[in-house]
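Working notes, structure below.
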Amino acid sequence: MKNLTSFLLSGFLAIAPLVAFAQADGGADGQVFTASDLQLNSESLSDNLRLHTVQRKLYSDQGMHEIVLFPAIVQLNSKFTTHVGAGAQYLYHLHESFSLQAMAQFNYLNQQVGFVQELIDISNIQPQPATALTLQWAATAGFELTPIYGKIAFYEGGIAHFGVVLSGGAGLGATRIQLTGPADGLQFGDAGTRFVGQIGAGFRVRFDQNFVARLELRDMVYTAQVDRINGCSFSDFQAAESGGQVSGSCKISGMSEEARIAAKDLIRKPSSDVLNNLGVYAGISYIF
Amino acid sequence: MKRRSINRSLLPLLVTLLGGSLAAPAIAHAQNDDEIIERVVVRNRKHSVWNTLEIAPSAGISLVNRLTQQYNFQLGVGFNFSEEWGLDVRGGWALGGLTSVGESARTRRQESLEVEPVDEFQDLWRLKWQAMLMPRWSPIYGKLNIVTELPVHFQAYLTAGGGLAGLESESVVYCQAGGAGDCVDGFLLEERQSFVVAAGIGFRFFVTEGIGIRLELLDMMYPDEHRTGFDMEAARAEAPGSDPQEGTVTSSGLTNVLFLNVGATLNF
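Residue numbers (the working numbering), protein chains in the order written: chain A, 1 to 288; chain B, 1001 to 1268.
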């Protein structure tokens, strides 16, 4: 008899959790949480509930690694130059809202816009060389802040968590300048490696545990002082014209005659500027 | 030997199951609670725009200014057929002028009168007014938390449409000076009307019930045309304000103007 009692007790305890789960499922429909109750009360119960529902984060970032691919980087402020590129970024989330980041980008299209040629053809003016430098690549490191956190719903269905991100960093970038127009075939001259600063702001939308989409505006700020092209100074170009020796840093052999003339004209009066390259960065990242 | 009523090896299992049976309802309840709250937070809209009339004034600046820069002031009147779909009628008035680059190009161009025919610059036409019909799709409703204290509700939307625009062009090259040596106020000023198409993306942040702040990127496109192959000296001989006789008007694609619009939305 006692064995039977033990058997029945064991059986009851064994199925108890299943019964409890089943009751809880049923409770949401009927007794404890009805959809109408929650819809009516979620916003009006108290301010605390309202804050809680926004503050509560489904996924934690702290201690996570994030790798971002930016297949599309397009310059917005294309007054004299246009840039289109791709990039990759690594982030380590030190805290929920603070992370360290390193970024590399390569602009496979970086040249002057047609408007510059129009200025030359019609009015015989062109932007100062330092103003029309393009950025070939940049590598920066810095930080990212996520001061604003929120949730979005697509229609009444999918819910995603997002953060507004602010980023900053510094690094290096390679610049070049366009020497000839489309009529002579596009030719460029190396304008040297420059210090690059980076600031940005955007959205980071998290769809699930691992995947995040990013849309950001970033401003790459770089200083430009053009007194050498392909390592050649004005006196180098003068020496080359007269058949003399150029300095050791001057790589003039690869330049066409048109490019040499254009380069000499451009650095006749050295120019300097601080350039802002404002771009839209659209990417997707994997977080682990 | 005294018989035990329950096998000793079964005890840990029984205790575990007992504990599980006590904790399970609470866990299940909590999971359900979390899931429902998770879904309700953004589904349960605090601010509804369904079936409301909407008035949306805004001011915008052009973001890429080569030869011209523009400021656009719009008033939108719309109706929200659902939480996601609305239809706006937008009327706008714009003002603008040449940029410093445009002024430099004009000054430099007027320093020498070429014998050979010259062309006018492209993309010189500016908006003067516009009237557009623009459907609006707002599939995303969200909440964000500013510095963990202030919850802000918002909608993200896409809009696209078109209509009619009045355009104005102030020439950089074509000057009618009535035969005078210098061109002061004789730059050719032309007006025309054309269709315009626009597409944009924006956010509406709800401040209070019925009042919001709108932030929008709106690209407006209209056909461009410019005068080509004209004699500057002959043009200078024309009387200021007269119909231009030199050159031919050539179509040159579309002019794109990207505006950053900031405004308000009022729902009744």
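A virtual CB, placed ideally from N, CA and C, is assigned to each residue, including glycine.
- Between T1250/B and T1228/B, the CB-CB gap stays under 8 Å.
- For the pair of segments examined, the region 137-151 of chain A was found to touch the region 165-172 of chain A: the number of CB pairs separated by less than 8 Å reaches three.
- For S1100/B, DSSP records no beta bridge to any residue.
- Against chain B, the beta carbon of N77/A has neighbours under 8 Å at L1063 and V1064, listed in chain order.
- Between G1263/B and A1131/B, the C-beta spacing is not below 8 Å.
- Rounded to the nearest whole angstrom, the CA to CA distance from L278/A to E1209/B is 36 Å.
- Taking the beta carbon of V84/A as reference, no residue of chain B falls within 8 Å; the closest one sits roughly 15 Å away.
- A Cβ-Cβ contact shorter than 8 Å links F188/A with Q178/A.
- Look at A1235/B: its C-beta is not under 8 Å from any C-beta on chain A.
- By DSSP's assignment, P1057/B forms a beta bridge with L1075/B.
- Taking C-beta atoms under 8 Å as the contact rule, G1097/B and G1086/B fail to qualify, at a distance of about 34 Å.
- Between the region 105-112 of chain A and the region 62-81 of chain A, the count of C-beta pairs closer than 8 Å reaches three or more; the two stretches touch.
- At a cut-off of 8 Å between beta-carbon atoms, S123/A makes contact with chain B.
- In the DSSP assignment, E241/A falls within the alpha helix (DSSP H) that extends over F234 to E241.
- Take S60/A, set aside five residues on each side of it, and the residues of its chain with a beta-carbon closer than 8 Å to its own are E96, in chain order.
- Using a CB distance cut-off of 8 Å, Y155/A counts as an interface residue toward chain B.
- Take the alpha-carbon of A1165/B and the one of Y286/A: they are about 46 Å apart.
- Residue-level contact check: V164/A touches chain B, since one or more beta carbons of chain B fall below 8 Å from its beta carbon.
- Taking a C-beta cut-off of 8 Å against chain A, none of the residues of the region 1201-1235 of chain B qualify.
- Within 8 Å of the CB of E118/A, the CB atoms of chain B belong to F1121 and Q1122, in sequence order along the chain.
- Non-local beta-carbon contacts of V221/A in its own chain, meaning distances under 6 Å to residues more than five positions away in sequence, involve G197 and N276 in chain order.
- Between the region 1186-1202 of chain B and the region 1211-1226 of chain B there are three or more C-beta pairs closer than 8 Å, enough to call the two in contact.
- Residue state for M1220/B is assigned as strand, using DSSP reduced to three classes.
- Under the DSSP definition of a beta bridge, S1194/B partners with A1165/B.
- A straight line joining the alpha-carbon of W1125/B with that of T1159/B spans about 24 Å.
- Scanning the region 146-182 of chain A for uninterrupted alpha helix (DSSP H) segments of 4 residues or longer gives nothing; none is fully contained.
- The Cβ of I199/A sits no closer than 8 Å to any Cβ of chain B.
- Around the CB of N230/A, 16 or more other CB atoms lie within 10 Å, so the residue is classed as buried.
- A straight-line Cα-Cα distance of about 29 Å links D1123/B and L215/A.
- Using a Cβ-Cβ distance cut-off of 8 Å, the region 1089-1107 of chain B and the region 1063-1075 of chain B are in contact, since at least three pairs of beta carbons, one from each stretch, lie closer than that value.
- Only S1104, A1105, R1108, R1109 and V1118 from the region 1101-1118 of chain B bring a Cβ to less than 7 Å from some Cβ of chain A.
- Take I252/A, set aside five residues on each side of it, and the residues of its chain with a beta-carbon closer than 8 Å to its own are N230, C232, D236, F237, A240, V246 and R260, in chain order.
- A distance below 8 Å between beta-carbons, with the five flanking residues on each side excluded, links L1167/B to the following residues of its chain, in chain order: W1125, R1126, L1127, K1128, E1191, R1192, Q1193, S1194 and Y1222.
- DSSP, reduced to helix, strand and coil, places R206/A within a strand of the structure shown.
- When rounded, the separation of the alpha-carbon atoms in G1178/B and G1163/B is 38 Å.
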